[in-house]
Structure formats: C-alpha cells, structure tokens
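These notes concern the structure reproduced below.
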Amino acid sequence: MKALCLSAFLALLLNGCAREKRQFEPPPPARVETQAITLSELRPGATTTAVAPKSGIEDQAYPVSEGKRLYTAYNCSGCHFNGGGGIGPALMDEKWIYGSEPVNVYATIVEGRPNGMPSFRDKIPDNQVWQLTAYVRSLSGQLSKGVSPGRSDDMNAHKSEQATEKKTPQKSNVPKAAEQP
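Quick note, the sequence shown lines up with residues -11 to 169 if you use our numbering.
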C-alpha cells in the first residue's frame, strides 16, 4: 500500500514539473482576406490582404508594452507626436478616420494612407504590426487599464517621485514685494 502511494506521489510530482513553453519568435500567422474600412476612393480595390489578428494580444500587457517600445523605435512619434497629433492625426481622441477596429489600424500601418501615412508592408514583421496596433488602440483608451502601459517618465512635466533626489529644505528670505507695510 505504501509503495502504491509513494509511486502515485512521485508520478504527480514528476507530472507537475512541466516547463513553460516559450516562443521568442512566433510562427508567421496564416493570411486571410479581410474587408478594410476606408473612406477614401483613392485606394483601388475593396479588400486588403492581412493576417488574422492574434488572439488575445490586446488582453496581455507584454505585447502592448512591446508595441509602445516599437512606436518609439520606428519613430511613429515623429509624425503623431506621442499620440497627440502633429503632422499625422492624433491617436488619443475618439476620431478615427479609417476605423478603430484592430484590422483597420493594421491595414493603415501596412497599406499606408493617402496624403501622408507611408506603407510599412514588408518593412515591419506582422507580429510587430499587431503589437503596434494594440498600443495605438491603447492610446485612445480602447484597451483595459490593466494592459495599457503607463506614461513614460520622460513625458512627464517633472521627474517622477521615485527619481527625485532628497534635498534638505533651505530657509529663504521673504521677498520685498511680500513684506507688509
């Protein structure tokens, strides 16, 4: 009886030691035909070839924060000014010219848009385009707050409280304008 319990315990112990499977470079997703919503007749054709959105990418914090890193690395802020708009449209408001669904944002990045937005087809891998898509949607609050990245310290008006050095307060003299007559 003891041998049976011991073997069952060992079997459970060995079965519970499975390693986490990690994919550092995800396999390429299958291509699908999607209907991209566009308001411009300048782009010929009604369909665009896109990859199917990765399931759950907008529910995970890591891909969204990776999209934030890529947003800076690919210099998206050069035109969109950290999401506030400039040369390119603002990404922080509720006005979406070509649609706010993930496939619409994907199509905008891959295909480009007339009068400014260049096409990044074959320049950015599909998995990185989906990460950028998730981050762009997070700028306007379309993702849950649990996965949206926080504001970068370099964008704050002053240093964060964690980066402020301790200083000893100094006594100061009352300025002449503040003296009472």
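C-beta: ideal position from N, C-alpha, C; glycine also.
Quantities reported herein were computed from a predicted structural model and do not represent experimental measurements.
Count the other CB atoms within 10 Å of the CB of residue i; is the residue buried (16 or more) or exposed (fewer)?
i           : result
residue 83  : exposed
residue 64  : buried
residue 107 : exposed
residue -6  : exposed
residue 122 : buried
When the Cα atoms are used, what is the spatial distance from residue i to residue j?
i           : j           : result
residue 49  : residue 74  : 27 angstroms
residue 77  : residue 68  : 6 angstroms
residue 72  : residue 79  : 6 angstroms
residue 104 : residue 96  : 11 angstroms
residue 92  : residue 101 : 11 angstroms
residue 56  : residue -4  : 48 angstroms
residue 110 : residue 44  : 24 angstroms
residue -9  : residue -2  : 10 angstroms
residue 34  : residue 115 : The pLDDT assigned to residue 34 is 42, lower than 50, so where the model puts this residue is not dependable; a value taken from the coordinates is nonetheless given after this. Near 24 angstroms, if we compare the C-alpha coordinates of residue 115 and residue 34.
residue 99  : residue 81  : 22 angstroms
residue 86  : residue 94  : 11 angstroms
residue 126 : residue 70  : 12 angstroms
residue 90  : residue -11 : 58 angstroms
Could you give the C-beta distance for residue i and residue j, rounded to a whole number, given that I count them as a contact under 8 angstroms?
i           : j          : result
residue 137 : residue 52 : 6 angstroms
residue 119 : residue 54 : 5 angstroms
Return yes when the Cβ of residue j is within less than 9 angstroms of the Cβ of residue i, no when it is not.
i           : j           : result
residue 135 : residue 46  : yes
residue 88  : residue 132 : no
residue 124 : residue 62  : no
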